[in-house]
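With the working numbering, letter number 54 in the sequence shown gets 180, and the count goes up by one each step, no holes.
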Amino acid sequence: METIDTRVAILEQRVKDLETQLRGPAFGAALPSVLDIEAVMNALDCSEYRAREIMKSGRLKVFRIGKKYLATREHFLEWLEQGGDAGGQ
């Protein structure tokens, strides 16, 4: 029977594996060079409202063309490495 310590160790390893995937070249390479609201939604698996909120917050470096908010892949990955939305609070 698994102990709680064993389960915690397994979960911690899963979190490390996911963090490696997100920060690794495979995740970054899969992103478009310029992200719009839809690309942020897909990358973060979040709602359109949340993606707009993130892009309008000022914590993620974005530029606007008309009413469209856009972010470069480099700025998006940098924002994720700094803790994403949690890093700005």
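Note that the Cβ used here is the ideal one computed from N, Cα and C, for glycine as well. Because the structure is a prediction, the values reported are computed rather than measured.
As assigned by DSSP and simplified to three states, the class of residue i
i    : result
T198 : strand
Q139 : helix
E145 : helix
G210 : helix
E128 : coil
N- and C-terminal bounds of the alpha helix (DSSP H) containing residue i
i    : result
R276 : As shown, the chain starts at 127 and ends at 215. That puts residue 276 outside it, with no answer to give.
L170 : I163 to L170
Residue i vs residue j beta-carbon contact at 7 angstroms
i    : j    : result
H181 : E174 : Inspection of the sequence shows that residue 181 is occupied by Met rather than by His. No, these two residues do not count as a Cβ contact at 7 angstroms.
F202 : L161 : yes
R185 : L157 : no
Option nearest residue i by Cα separation, candidates the options
i    : options                   : result
L196 : S159, C172 and E138       : S159
K187 : G210, D171 and K193       : G210
K281 : I163, A169 and Q208       : In the structure as shown, the chain begins at 127 and stops at 215. Residue 281 is therefore absent and cannot be evaluated.
L206 : R178, L170, A165 and F189 : L170
Beta bridge counterpart(s) of residue i as assigned by DSSP
i    : result
R190 : Y195
V160 : T198
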